[in-house]
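Inspection log for the structure reproduced underneath, given as structure tokens.
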Amino acid sequence: MSQENNENKKKTITIRGVDEKIYRKLTEIARSSGKTIGEVTNQAFRTFLDLSDAAKRTASGVVESGKTFIEGFKEGIGNLIIISDIDELSVNKEEMMQTSKPIAFKGIKKLSLVNISDDDVEKYIQEISDVDELIIPPNINKLKLLQKCRRVKKIIVQNNPV
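Using the numbering used here, read the sequence shown as starting at 203 and increasing by one per residue.
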């Protein structure tokens, strides 16, 4: 009886636009496995549908993970001040202390850090990126400062290029 139900569910279907090379390969697979082209095609369709469902579930998980990441990132960035897209800027220790948050300097042509110490760099500067010219006091440990720098073209210690 169950075989009759399976036979009743099968239908002759014509599919237009099947690539001839793919059809020949499918025919070879069917012959070598002792199955009909219909059986191999049904298995191919089932496999495709299973993979499609798995891809949708995976994509859904990735989207949820991405949303969680973005939310966490936004929370973190709320504790960061971004100063960007300025031709020339001079910032001193007192100004940084008043923010009470880490600062990211981005896209500044000429940035001068005045009257700051290594501790100030550690405490107040999160990042310095895409700066053409960075002017620093002579007391700053350049290696510690460089750990926070990305794409800084030139560093000047007072009036001495480094």
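The C-beta atom is built at its ideal place from N, Cα and C for all residues, glycine as well. Computed from a predicted structure; not experimentally measured.
Taken through DSSP and simplified to helix, strand or coil, N343 comes out as coil. Relative to the Cα of D332, the nearest Cα in the group I288, T229, I217, I215 belongs to I288. Residue nearest to N281 within the set T301, K237, K212, L291 is T301 (criterion: CA-CA distance). A direct Cα-Cα distance of roughly 58 Å separates K311 from I224.
Residue environment: M298 is assigned as buried (16 or more neighbouring CB atoms within 10 Å of its CB, all protein chains considered). Of the residues I358, V354, L348, I327, the one whose Cα lies closest to the Cα of P340 is I358. Nearest to A246 by alpha-carbon distance, out of L228, A256, S235, R233, is L228.
Counting the other Cβ atoms within 10 Å of the Cβ of L347 gives 16 or more, which makes it buried.
Under a 10 Å Cβ-count criterion, L253 is classified as exposed, with fewer than 16 other Cβ atoms of the shown protein chains found around its own Cβ. One alpha carbon belongs to T243, the other to G268, and they sit about 36 Å apart.
Using a 10 angstroms sphere on the CB of I330, the tally of other CB atoms reaches 16 or more, which defines it as buried. Only exposed fits I215, as fewer than 16 other CB atoms lie within 10 angstroms of its CB. For the 8 Å CB-CB criterion, K355 and I318 do not form a contact.
About 6 Å separates the beta carbon of I305 from that of I285, a gap short enough to meet the 8 Å contact definition. When the alpha-carbon of I283 is set against those of E290, F307, V264, the nearest one is in F307.
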